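Trainee: Just dropping this structure here.
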Amino acid sequence: MSATTFHVDAILFDMDGTLVDSTAGVVGAWEVFREQYPNIDVQNILSSAHGVRTVDNLRNYCGVEDPDELEREAERFEKAIVTSSTENGRQGIVLLPGAASILEELAPVRHLPNPSWAICTSATRSYATAALRIAGVPVPDVFVAAEDVTQGKPFPDPYLLGAKQCGVKPENCVVFEDAPSGVRSGRAAGCRTVGLLTTHSREQLEACQPTFIVKDLSKVSVKRTDKGVDVTVHTD
C-alpha cells in the first residue's frame, strides 16, 4: 500500500454512495414507481442511474417529459427513498465507512466566507437535506443540489459551482465520487478526482480515469490547515 498526500483549497463531496448509503431506500423507491411505470427494469436502472439527477432518470427511464410533472414526480420519488429506507426492516440512510472521521475533522471549516468543503449532489435540496439529517451529517454552507444547475453530472456544472461558492479555483479542489457520471463531472471541471468503489466496479471507474481509486473513505485521511486541507489517499 502506498500513500499520497496533497493540499487542496477545498474538498467537494458527492453525497449518495460517497458520504451516505441510501441504497435500500432507492431500491424501494423504484419498486414503488414500477407500479405506475410497469415497463421499467429496476436492476438495469440501478446499474446505470446512480449519480444522475432524479429528473434526468425519470425522463430517461419513465418517459416523463413535462417539466411540471417531472418536478412533481422527482419530489414523490425522493420522498419514497426516505420512506422506503425505514420500512420493512431496511437498513436506512447511514454513513459510509470513513465518512465520520473525515466529517469530524472538517466540521469546523464548513462555514462561509472561507469554507474548506462542500457537498455537490445530484439529489434535490429537499431530499438531500433529509438524507443528511438522518445520517447525522452536518450540512455545509456550500451545498449544491440538483435544482442549482441547468446541467447535472456528468457535465461539470455542479463542481464548478461548488468551487465558485467556496471562493476557490476548481483545479485547487479534489472531488470524491462513487459514480462514473460524477467522476466525469469532476474531471470536466478541472478537479482532482478520487473514485470510491462503493457502488460501481473498478473497471467502470477506471474507464473514467479518476486521479485515484480507493475502496471507500476509510482509505482517506484529512487534516485542516490554515488555508485549506491536506488530503492523504492510501492506495493498494
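FYI, in my numbering the residues of the sequence shown are 798 to 1033. Backbone N, C-alpha and C fix where the C-beta goes; we use that ideal spot for every residue, glycine too. All values derive from a computational prediction rather than experimental measurement.
Should R797 be labelled buried (16 or more other beta-carbon atoms within 10 Å of its own) or exposed?
Mentor: Nothing about residue 797 can be reported from this structure: the residues present for the chain run from 798 to 1033 only.
Trainee: Would you tell me roughly how many angstroms separate the C-alpha atoms of E828 and Y834, rounded to the nearest one?
Mentor: Within the sequence shown, residue 828 is the residue found at index 31, counting from 1. Within the sequence shown, residue 834 is the residue found at index 37, counting from 1. The alpha-carbon atoms of E828 and Y834 are separated by roughly 10 Å.
Trainee: Considering just the uninterrupted stretch of the beta strand (DSSP E) at C917, what are its terminal residues?
Mentor: One-based indexing of the sequence shown puts residue 917 at position 120. Residues 914-917.
Trainee: Going by Cα to Cα distance, which pick from A943, L900, G848, L958 is closest to G987?
Mentor: Residue 987 sits at position 190 when you count from the first residue of the sequence shown. Per the Cα distances, L958.
Trainee: Compute the distance between the beta-carbons of D806 and C970, then report whether it is under 8 Å.
Mentor: As a position in the sequence shown, residue 806 is number 9, starting the count at 1. As a position in the sequence shown, residue 970 is number 173, starting the count at 1. Closer than 8 Å, so yes.
Trainee: Which partner residues does A807 have in the DSSP bridge list?
Mentor: Working through the sequence shown from its first residue, we reach residue 807 at position 10. BP columns for A807 point to C970.
Trainee: What's the call for N841, buried or exposed, on a 16-neighbour Cβ count within 10 Å?
Mentor: Residue mapping note: residue 841 aligns to position 44 of the sequence shown, counting from 1. The residue in question, N841, is exposed, as its Cβ has fewer than 16 Cβ neighbours within 10 Å.
Trainee: Near D818, which residues of its chain fall below 6 Å by C-beta distance, leaving aside the five closest residues on each side in sequence?
Mentor: Residue numbering aside, residue 818 sits at position 21 when the sequence shown is read from its first letter. Hits under 6 Å: V891, L893.
Trainee: State the CB to CB distance for the pair W914 and R907, rounded to an integer number of angstroms; the pair is presumed to be in contact (CB under 8 Å).
Mentor: Numbered from its first residue, the sequence shown carries residue 914 at position 117. Numbered from its first residue, the sequence shown carries residue 907 at position 110. Going by Cβ atoms, the distance from W914 to R907 rounds to 6 Å, so yes, they are a contact pair.
Trainee: Taking DSSP as the reference, what is the three-state secondary structure of D975?
Mentor: Along the sequence shown, read from residue 1 onward, the residue named residue 975 stands at position 178. Three-state DSSP puts D975 in coil, outside helix and strand.
Trainee: Kindly indicate which three-state DSSP category R831 falls into: helix, strand or coil?
Mentor: Position 34 of the sequence shown, counted from the start, is the residue given in the question as residue 831. The answer is helix: DSSP assigns R831 an H, G or I state.
Trainee: Which word fits Q1006, buried or exposed, when buried means at least 16 other C-beta atoms lie within 10 angstroms of its C-beta?
Mentor: Locating residue 1006 in the sequence shown gives position 209, where the first residue counts as 1. It counts as exposed.
Trainee: What are the partner residues of L892, as DSSP defines its beta bridges?
Mentor: Position 95 of the sequence shown holds residue 892. The partner list for L892 (beta bridge, DSSP) reads V817.
Trainee: Could you check the C-alpha separation between T802 and A904 for me, to the nearest Å?
Mentor: What you label residue 802 is simply residue 5 of the sequence shown in a count that begins at 1. What you label residue 904 is simply residue 107 of the sequence shown in a count that begins at 1. Approximately 20 Å between the Cα atoms of the pair.
Trainee: DSSP beta-bridge partners for D1027?
Mentor: Here residue 1027 refers to the residue found at position 230 of the sequence shown. Answer by DSSP bridge pairing, in chain order: H804, K1020.
Trainee: Quick check on DSSP: helix, strand or coil for G825?
Mentor: Residue numbering aside, residue 825 sits at position 28 when the sequence shown is read from its first letter. G825 falls in the helix class under three-state DSSP.
Trainee: Please return the same chain residues whose Cβ sits closer than 8 Å to the Cβ of R981, not counting the five positions on each side in sequence.
Mentor: Against the sequence shown, residue 981 aligns to sequence position 184. Cβ within range, chain order: K950, P951, C1005.
Trainee: Taking the alpha helix (DSSP H) that R856 belongs to, which residues open and close that run?
Mentor: Within the sequence shown, residue 856 is the residue found at index 59, counting from 1. Counting along the chain, the alpha helix (DSSP H) containing R856 begins and ends at 851-859.
Trainee: Can you have a look at D954 and say buried or exposed, based on whether 16 or more other CB atoms are within 10 angstroms of its CB?
Mentor: Along the sequence shown, read from residue 1 onward, the residue named residue 954 stands at position 157. By the 10 Å Cβ count, D954 comes out buried.
Trainee: Kindly indicate the opening and closing residues of the alpha helix (DSSP H) around G992.
Mentor: By 1-based counting over the sequence shown, the position of residue 992 is 195. Taken as a continuous stretch (DSSP letters only), G992 belongs to no alpha helix (DSSP H), being part of the beta strand (DSSP E) at 989-993.
Trainee: In angstroms with no decimal places, state the Cα-to-Cα distance between S1018 and V934.
Mentor: Working through the sequence shown from its first residue, we reach residue 1018 at position 221. Working through the sequence shown from its first residue, we reach residue 934 at position 137. Distance between the alpha carbons of S1018 and V934: 17 Å.
Trainee: For H804, does the count of other Cβ atoms within 10 angstroms reach 16, so buried, or fall short, so exposed?
Mentor: Counting from one through the sequence shown, the residue named residue 804 turns up at place 7. Classification of H804: exposed, given that the 10 Å Cβ count is below 16.
Trainee: Which residue from C859, S844, F810 puts its Cα closest to that of L900?
Mentor: Within the sequence shown, numbered from 1, the residue matching residue 900 stands at position 103. Among C859, S844, F810, the Cα nearest to that of L900 belongs to F810.
Trainee: If the criterion is Cβ atoms closer than 8 Å, does the pair T851 and A943 meet it?
Mentor: The count along the sequence shown starts at 1 and reaches residue 851 at position 54. The count along the sequence shown starts at 1 and reaches residue 943 at position 146. Yes. Within cutoff.
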